[in-house]
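To convert, take the position in the sequence shown, counting from 1, and add 179; that gives the numbering used here. The structure appears below as structure tokens.
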Amino acid sequence: ISFIIPVLELNRAKNPKRIFMPKATIKDVLDNIEENVSCEYEIIIVCNGQDEKLTQFICGDKRVTRYSLNSDNVGVARAWNMGAQLSTGRVLCYLNDDIKIEKNAIEDLVKQLLSSDKIGQVGPAGSFWEDCKHKSFSEGTGWQNCDVISGFCFLLRSSTFHEVGGFDINYSPAGYEEIDLSYRIRELGLTVCSNSSIKIKHFKDHGVSAQKMDINYLGQTI
Numbered sequence: 180i181s182f183i184i185p186v187l188e189l190n191r192a193k194n195p196k197r198i199f200m201p202k203a204t205i206k207d208v209l210d211n212i213e214e215n216v217s218c219e220y221e222i223i224i225v226c227n228g229q230d231e232k233l234t235q236f237i238c239g240d241k242r243v244t245r246y247s248l249n250s251d252n253v254g255v256a257r258a259w260n261m262g263a264q265l266s267t268g269r270v271l272c273y274l275n276d277d278i279k280i281e282k283n284a285i286e287d288l289v290k291q292l293l294s295s296d297k298i299g300q301v302g303p304a305g306s307f308w309e310d311c312k313h314k315s316f317s318e319g320t321g322w323q324n325c326d327v328i329s330g331f332c333f334l335l336r337s338s339t340f341h342e343v344g345g346f347d348i349n350y351s352p353a354g355y356e357e358i359d360l361s362y363r364i365r366e367l368g369l370t371v372c373s374n375s376s377i378k379i380k381h382f383k384d385h386g387v388s389a390q391k392m393d394i395n396y397l398g399q400t401i
């Protein structure tokens, strides 16, 4: 497995409106992987920021197999594509830097993905869409087919990633790139499925999508 994790800051600021909600950092994610993932893996980090402490951490942590230190924030889609180009794994596992992984969670996801050649993408959270609009989230226990896998954690074969051509950078700096990917995977005739009982927690309260904030991207501020 190739874990691919884009990172902007070593220790992101808390959302003032969600100050009492817990958060996670890239260090927490690496600790989780080390403690709770038993299968063979590599860790690839794409650094999209100019945080000197983050750069020192990435370069100095021996758990990081490979990394890219970008001179600018190139956006999520490009960062995810860079991670795939640096990977050597049969399975790509894309992770946010603000999640918590419990034991056997990754193994259960990999097992489901590789259980059938007809499965193109899996994750702990998914949703249903109609006419390119969100309808509802996938809920309940057990695996179920859905339309889109949520972007904080998803897995697909490296061969599938390259067959669909990776992520569309027209969605830069961020937004809808993972939805577009799920649509294109299904256009290949493959299914995407989620299981909300998989124990991977997303601490989304302090992310970019949870608050109104500027995004500095390739010399622009959006």
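Here a beta-carbon is modelled for each residue, glycine too, at the ideal position from N, C-alpha and C.
With fewer than 16 other CB atoms across the displayed protein chains lying within 10 angstroms of its CB, LEU397 is exposed. Going by beta carbons, GLN300 and VAL371 fall inside the 8 Å limit. Within the stretch 230-278, complete beta strand (DSSP E) segments of at least 3 residues are found at 245-248, 270-274, given in chain order. For the pair CYS332 and GLY354, the CB atoms are not nearer than the 8 Å cut-off. Apart from sequence neighbours up to five positions away, the residues of its chain that approach ILE377 with a beta-carbon distance below 7 Å are ALA284, ASP287, LEU288, PRO303, ordered along the chain.
For the 8 Å CB-CB criterion, ASN190 and PRO352 do not form a contact. With respect to the 8 Å criterion, ASN260 and GLY345 are classified as neighbours on the basis of their beta carbons.
Per DSSP, the continuous beta strand (DSSP E) segment holding LYS314 begins and ends at 312-316.
By alpha-carbon distance to LYS279, the top candidate from GLU366, SER373, ASN374, ALA203 is ALA203.
In the three-state reduction of the DSSP assignment, THR339 falls in the helix class, which pools H, G and I.
About 3 Å separates the CB atoms of GLY262 and ILE183; that is less than 8 Å, so the two are in contact.
When the Cα atoms are used, GLU214 and GLU366 turn out to be separated by approximately 37 Å.
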